[in-house]
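Engineer: I'd like to ask some things about the structure below.
In full-length UniProt numbering, the protein residues as written are 1 to 120.
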């Protein structure tokens, strides 16, 4: 399972843009010994988020699943709000950001990265 979006994923993401803010849902499953790498990524991503006007809404470790299919045992959840889908796309295309993405990739064995649209 890939933990990073592909170029085609990003094209589809931008093509489906309804305008306005987007909150990216991240469900994270760490590779063995991956948490330290992800923690470093989390420490270093701040300036990249600020550069595009994004902010972390929530980050936390998961706990008891009350209703979930078998295997739906994620380690952590992260919600990041971007002012637009284009802002997210600009961040991931930025060479400075790309220098730290290996930390996220190395840290995760599986991930879900899902765009969500705030209800108005």
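Glycine residues also receive a C-beta, built at the ideal position from the N, C-alpha and C atoms.
The model shown is predicted, which means the values in this text are computed figures rather than measured ones.
Take residue 52 as the anchor and find which of 21, 101, 76 and 17 has the nearest alpha-carbon.
Structural biologist: Measuring from the Cα of residue 52, the nearest candidate turns out to be 21.
Engineer: Which first and last residues belong to the alpha helix (DSSP H) in which residue 87 is found?
Structural biologist: Run containing residue 87: 85–93, per the alpha helix (DSSP H) assignment.
Engineer: Sort out for me which residues DSSP pairs residue 114 with in a bridge.
Structural biologist: Looking at the DSSP assignment, residue 114 forms a beta bridge with 25.
Engineer: Determine the extent of the beta strand (DSSP E) in which residue 76 is found, giving its start and end residues.
Structural biologist: 76–82 is the span of the beta strand (DSSP E), which, as asked, contains residue 76.
Engineer: In angstroms, rounded to a whole number, what distance separates the CA positions of residue 107 and residue 59?
Structural biologist: Using only the alpha carbons, I get a separation of about 16 Å.
Engineer: Does DSSP classify residue 120 as helix, strand or coil?
Structural biologist: Three-state result, residue 120: coil.
Engineer: For a test of the three-state rule: what should DSSP assign to residue 66, helix, strand or coil?
Structural biologist: The answer is coil: DSSP assigns residue 66 none of H, G, I, E or B.
Engineer: Inspect the beta-carbon positions of residue 115 and residue 25 and report whether they are closer than 9 Å.
Structural biologist: For residue 115 and residue 25, yes; Cβs fall inside 9 Å.
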